[in-house]
Amino acid sequence: MATLRLDDITVPLRAYRLELSLEAASTLALVGPSGAGKTTVLRTVAGLTRPRSGRIAVDDDVFFDGERNIDVPPERRRVGLVFQEYALFPHLTVRENVEYAGRHAADEYLERFRISHLEAARPGRLSGGERQRVALARALARDPQVLLLDEPLSALDAHTKTAVRAELHDLLAGLDIPVLLVTHDFDDAASLADRVSVIVDGTLRQTGTPSELVAAPADSFVASFTGANLLHGLAETGRNGSTRVRLDDGTVVATADPAHGQVALAVYPWDITLAATPPHDSALNVIHAPIRIIAELGNRVRVTVGPVSAEITAESLTRLGLAPGQAVYASFKATGTRVVAEHR
Amino acid sequence: MRQALFVLAFVVAAAVALVFLLLPIVAIFAHTSPGRLLDQLSNPVVKDAFLVSLKTSLLAQVLILVFGTPAAFLLASRRFPGHSLAVTLVELPLVLPPAVAGIGLLAAFGRFGLLGSSLRALGITLPFTQSAVTIAVAYVASPFYIRQAIAAFEATDPDLAAASRTLGAGPVRTFFRVVLPLARGGLIAGLALSFARGLGEFGATIMFAGSLQKVTQTLPLAIYAEFDRNFDATLAMSGALVLFSAVLLAGLHIGLTWQRSDSTTSPSLFGLTG
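Keeping their order, the protein sequence lines are chains A and B.
The letter at position 269 of the first sequence is residue 269 when you use this note's numbering, and the numbering goes up by one with no holes.
Counting from 1 along the second sequence, just add 344 to a position and that's the residue number in this note's numbering.
#1: Could you round the C-beta distance between residue 581 (chain B) and residue 596 (chain B) to whole angstroms and report it? I think they count as a contact, below 8 Å.
#2: I need the straight-line Cα distance from residue 463 (chain B) to residue 456 (chain B), nearest angstrom please.
#3: Give a yes or no on whether 8 Å exceeds the smallest Cβ distance from residue 64 (chain A) to chain B.
#4: Residues of chain B with CB under 9 Å from residue 137 (chain A), in chain order?
#5: Do we get a CB-CB distance below 8 Å when we pair residue 514 (chain B) with the residues of chain A?
#6: The beta strand (DSSP E) spanning residue 338 (chain A) covers which residue range?
#7: Give the straight-line distance between the Cα atoms of residue 610 (chain B) and residue 25 (chain A), rounded to the nearest whole angstrom.
#8: For residue 193 (chain A), which residues does DSSP report across the bridge?
#9: Is any beta-carbon of chain A found at less than 8 Å from that of residue 511 (chain B)?
#10: Who are the neighbours of residue 522 (chain B) on chain A, taking C-beta pairs under 7 Å?
#11: Just the Cα atoms here: how many angstroms apart are residue 150 (chain A) and residue 38 (chain A)?
#12: So what's residue 217 (chain A) in DSSP terms, helix, strand or just coil?
#13: How many Å lie between residue 2 (chain A) and residue 63 (chain A) at the Cα?
#14: For a contact meaning CB atoms closer than 7 Å, what does residue 383 (chain B) contact in chain A?
#15: Using the C-alpha atoms, what's the distance from residue 299 (chain A) back to residue 315 (chain A)?
#16: Can you tell me whether residue 526 (chain B) is buried or exposed, with buried defined as 16 or more other CB within 10 angstroms of its CB?
#17: Look up residue 24 (chain A) in the DSSP assignment and give the residues it is bridged to.
#18: Of all the CB atoms in chain A, is at least one closer than 8 Å to the CB of residue 378 (chain B)?
#19: Using a Cβ-Cβ cut-off of 8 Å, state whether residue 106 (chain A) counts as contacting chain B.
#20: Would you mind giving the Cβ-Cβ distance between residue 412 (chain B) and residue 486 (chain B), rounded to the nearest angstrom? I have them listed as a contact below 8 Å.
#21: Can you list, in chain order, the residues of its chain whose CB lies under 8 Å from that of residue 618 (chain B), leaving out five sequence neighbours each side?
#22: What does a CB cutoff of less than 8 Å around residue 86 (chain A) pick up in its chain, not counting 5 residues either side in sequence?
#23: What residues from chain B crowd round residue 101 (chain A), counting only those whose CB sits closer than 8 Å?
#24: Against chain A, with Cβ distances strictly below 8 Å, would residue 531 (chain B) count as a contact?
#25: So, with DSSP's three-state summary, where would you put residue 250 (chain A)?
#26: Within 10 angstroms of its Cβ, does residue 281 (chain A) collect 16 or more other Cβ (buried), or is it exposed?
#27: Return the chain-ordered ranges of every alpha helix (DSSP H) run that is complete within the segment 356-437 of chain B and spans a minimum of 4 residues.
#28: Is the Cβ of residue 526 (chain B) closer than 8 Å to any Cβ of chain A?
#29: Under three-state DSSP, which class holds residue 65 (chain A)?
#30: Taking Cβ-Cβ distances below 8 Å as the criterion, which residues of the segment 477-507 of chain B are in contact with chain A?
#31: Between the segment 319-331 of chain A and the segment 358-365 of chain B, do at least 3 Cβ pairs fall closer than 8 Å?
#32: Kindly list, in the order they appear in chain B, the residues whose Cβ is closer than 8 Å to that of residue 79 (chain A).
#33: Determine whether the beta carbon atoms of residue 406 (chain B) and residue 560 (chain B) lie at a separation below 8 Å.
#34: Residue 468 (chain B) by DSSP, collapsed to three states: which one?
#35: When the distance is taken between beta carbons, is residue 47 (chain A) closer than 8 Å to residue 74 (chain A)?
#36: Does the beta-carbon of residue 558 (chain B) have 16 or more other beta-carbons within 10 angstroms, so that it is buried, or is it exposed?
What follows is the structure, encoded as structure tokens:
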């Protein structure tokens, strides 16, 4: 499979400077908060935004090279870009939209994306999921060397999103070109991409497989972005090598990681156990506090207790009979915590 | 009670305003019988003025379309030093008294004007010819089209032009297959406005082109010339202009409705920014 490479790309933006290198062989997700420069990265690859310097290439096909003054115009880069709002031509039918990229392949892609029956419709009459299929069909009918997806799931409502995410996953798995997708949602990134790069303010914080990022987040931002609870406090070395962290609210938490001074502790919600009575197990850390919020997410439930959120099954919730306001014990092992560098 | 009076005052004011706007139009058609008005269409003065107006107006609109469209597109899609100055310049004829515009055109293209000697060397004389009418109309009417066209181009979604580029279409194909069709409604509306303004042109034309029957005498000029000689002819020509205006007004509204169906903002040139 081909590889998309961005080397030392710099783009001056309003509030900061986009500056990064990355490599996508199969599917790479660029995740970060809004305004982190994700879309700009896609636009530089497509040739819609010109970087100040750097190099962009798919294998030996150079799209951009600041030093050699190469800047191939977008229409001569074979790039499939699916815009966040899909950017379907409102004055053309579904078929005309797909044919815009290439007349010969239109039938095949209309068929493949199950939109043949919509071929005479204008985009304005389509549902969100249908629009996305048209946008994908159109982008792939271009026969691209690389596929770029800008927030592919954000324009969809929660109901369609789950189904489309699964469809998109299968599609991407079957493609033999590099895919670069951007999203602000780590769960989406983890379910669609093999590798994830976290971008903040124009620079990459960490790249790895989704599980690598969860196992060892590089800093507090990556930790909270991947779903961890962040506890801030002052660390001091305690007895028998473990570290004690005095949280801002006075609670003392033990961690197995060595640390000193002002630190952030990451604890993932699925590493936290809830109990109605004081637990007698190996967990060193117990927080006793009333339940603030109970949020049901399908068959999982997120329960917020004091400074942390725990994720338990709906079944456990019923079995424990938990309700907001009720005082419970949230416990987690010292080995379930990770000391991460403070980053803001 | 006070509230009811307040509402009543508004309704009365609105009614007065509408009647005031409509009364002169009604009066034109009410003054003489339709038969006598139609008879005037065979009057040579009316016929000539009609043809001069039609010819010069159409030609002027073609010029406005051909030069104004690219100008509007550039002003809508590019930000450059002096951009707002250029936009203001485009609107200059809008605030310039037409008589002053006519004098200006004479001073520029007249026999002793700025470009007079160069034009004479090429064997071209402009003042008091039909070309002069076309130029005067184009000068005075152009801002109506260009302003509307800038707004129409600015309202097209830059992502659509960008999508066209990534799908393999160059700037030319992108312009004709995406940008132009999307801006179409606004362009038609602008053209309708500019056509209406051009048809009514009086001041600049009489200064720069004079009022010679069959050559430079347009409908508004003929209305003025015939005013104290043949009032029926004046009414017939006025009636014709009213009908034209009604058609153009309809065109304007159809155009604006089209434009509203697709949009957003921010400048971009063929989908490119930065």
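Quick reminder that beta carbons are idealized off the backbone N, C-alpha and C, glycines included.
On the basis of the supplied data:
#1: As a working mapping, residue 581 (chain B) is identified with position 237 in the second sequence. As a working mapping, residue 596 (chain B) is identified with position 252 in the second sequence. With 8 Å as the limit, residue 581 (chain B) and residue 596 (chain B) do not qualify as a contact, their Cβ atoms being about 22 Å apart.
#2: For the purposes of this step, residue 463 (chain B) is taken as the residue at position 119 of the second sequence. For the purposes of this step, residue 456 (chain B) is taken as the residue at position 112 of the second sequence. A direct Cα-Cα distance of roughly 10 Å separates residue 463 (chain B) from residue 456 (chain B).
#3: Numbered from 1 along the first sequence, position 64 holds the residue referred to as residue 64 (chain A). Residue 64 (chain A) does not count as touching chain B.
#4: Reading the first sequence from its first residue, position 137 is the one you call residue 137 (chain A). Result: empty, since nearest Cβ-Cβ is about 12 Å, beyond 9 Å.
#5: For the purposes of this step, residue 514 (chain B) is identified with residue 170 of the second sequence, where counting begins at 1. For residue 514 (chain B), the nearest CB of chain A lies under 8 Å from its own CB, placing it at the interface with that chain.
#6: Working through the first sequence from its first residue, we reach residue 338 (chain A) at position 338. DSSP places residue 338 (chain A) in the uninterrupted beta strand (DSSP E) bounded by 337-340.
#7: Position 266 of the second sequence, counting from 1, holds the residue named residue 610 (chain B). Position 25 of the first sequence, counting from 1, holds the residue named residue 25 (chain A). Any reading at residue 610 (chain B) must be qualified, since the residue scores a pLDDT of 43, below 50, and its modelled position is unreliable; the value itself is stated next. Between the C-alpha atoms of residue 610 (chain B) and residue 25 (chain A) there is a straight-line separation of about 34 Å.
#8: By 1-based counting over the first sequence, the position of residue 193 (chain A) is 193. In the DSSP secondary-structure assignment, residue 193 (chain A) is not bridged to any residue.
#9: To locate residue 511 (chain B), count along the second sequence from 1; it is residue 167. Residue contact check for residue 511 (chain B) against chain A: a CB pair falls below 8 Å.
#10: Residue 522 (chain B) sits at position 178 when you count from the first residue of the second sequence. The contacting residues are 89.
#11: Locating residue 150 (chain A) in the first sequence gives position 150, counting from the first residue. Locating residue 38 (chain A) in the first sequence gives position 38, counting from the first residue. Residue 38 (chain A) has its alpha-carbon roughly 8 Å from the corresponding atom of residue 150 (chain A).
#12: Residue mapping note: residue 217 (chain A) aligns to position 217 of the first sequence, counting from 1. Residue state, collapsed to three classes: coil.
#13: Working through the first sequence from its first residue, we reach residue 2 (chain A) at position 2. Working through the first sequence from its first residue, we reach residue 63 (chain A) at position 63. C-alpha separation (whole angstroms): 14 Å.
#14: Taking the second sequence and counting its residues from 1, one reaches residue 383 (chain B) at position 39. In chain order: nothing, as chain A lies at least about 47 Å away.
#15: In the first sequence, counting from the first residue as 1, residue 315 (chain A) sits at position 315. In the first sequence, counting from the first residue as 1, residue 299 (chain A) sits at position 299. Between residue 315 (chain A) and residue 299 (chain A), the C-alpha separation is close to 8 Å.
#16: Position 182 of the second sequence, counted from the start, is the residue given in the question as residue 526 (chain B). Per the 10 Å Cβ criterion, buried.
#17: Within the first sequence, numbered from 1, the residue matching residue 24 (chain A) stands at position 24. DSSP output for residue 24 (chain A) lists A:4 as bridge partner(s).
#18: As a first step, residue 378 (chain B) must be located in the second sequence, where it is residue number 34. No, its Cβ sits nowhere closer than 8 Å to a Cβ of chain A.
#19: The count along the first sequence starts at 1 and reaches residue 106 (chain A) at position 106. Not an interface residue.
#20: Within the second sequence, the letter at position 68 stands for residue 412 (chain B). Within the second sequence, the letter at position 142 stands for residue 486 (chain B). That belief holds up - the Cβ atoms of residue 412 (chain B) and residue 486 (chain B) are roughly 6 Å apart, short of 8 Å.
#21: As a position in the second sequence, residue 618 (chain B) is number 274, starting the count at 1. Bear in mind that a pLDDT of 42 at residue 618 (chain B), under 50, signals an unreliable position, so the number given afterwards is only what the model happens to contain. None.
#22: Mapped onto the first sequence, residue 86 (chain A) falls at position 86. Within the same chain, residue 86 (chain A) has close Cβ partners 123, 131, 132, 134, 135, 155.
#23: Locating residue 101 (chain A) in the first sequence gives position 101, counting from the first residue. In chain order: 511, 512.
#24: As a first step, residue 531 (chain B) is located in the second sequence; it is residue number 187 there, counting from the start. Closer than 8 Å: no.
#25: Numbered from its first residue, the first sequence carries residue 250 (chain A) at position 250. In this structure, residue 250 (chain A) counts as coil in the three-state DSSP scheme.
#26: By one-based count along the first sequence, residue 281 (chain A) stands at place 281. Looking at its Cβ environment, which holds fewer than 16 other Cβ atoms inside 10 Å, residue 281 (chain A) is exposed.
#27: Listed in chain order, they are 378-383, 388-421, 427-434.
#28: On the second sequence, residue 526 (chain B) is found 182 positions in, with the first residue counted as 1. True, the Cβ-Cβ gap to chain A drops below 8 Å.
#29: Residue mapping note: residue 65 (chain A) aligns to position 65 of the first sequence, counting from 1. In this structure, residue 65 (chain A) counts as strand in the three-state DSSP scheme.
#30: Residues of the segment 477-507 of chain B with a C-beta less than 8 Å from any C-beta of chain A: 501, 503, 504, 506, 507, listed in chain order.
#31: These segments do not touch.
#32: Taking the first sequence and counting its residues from 1, one reaches residue 79 (chain A) at position 79. Those are 510, listed as they occur along chain B.
#33: What you label residue 406 (chain B) is simply residue 62 of the second sequence in a count that begins at 1. What you label residue 560 (chain B) is simply residue 216 of the second sequence in a count that begins at 1. The Cβ atoms of residue 406 (chain B) and residue 560 (chain B) lie no closer than 8 Å to each other.
#34: As a working note, residue 468 (chain B) is residue 124 in the second sequence. In this structure, residue 468 (chain B) counts as coil in the three-state DSSP scheme.
#35: Position 74 of the first sequence, counted from the start, is the residue given in the question as residue 74 (chain A). Position 47 of the first sequence, counted from the start, is the residue given in the question as residue 47 (chain A). Result yes, Cβ atoms of residue 74 (chain A) and residue 47 (chain A) sit closer than 8 Å.
#36: In the second sequence, counting from the first residue as 1, residue 558 (chain B) sits at position 214. So residue 558 (chain B) counts as exposed.
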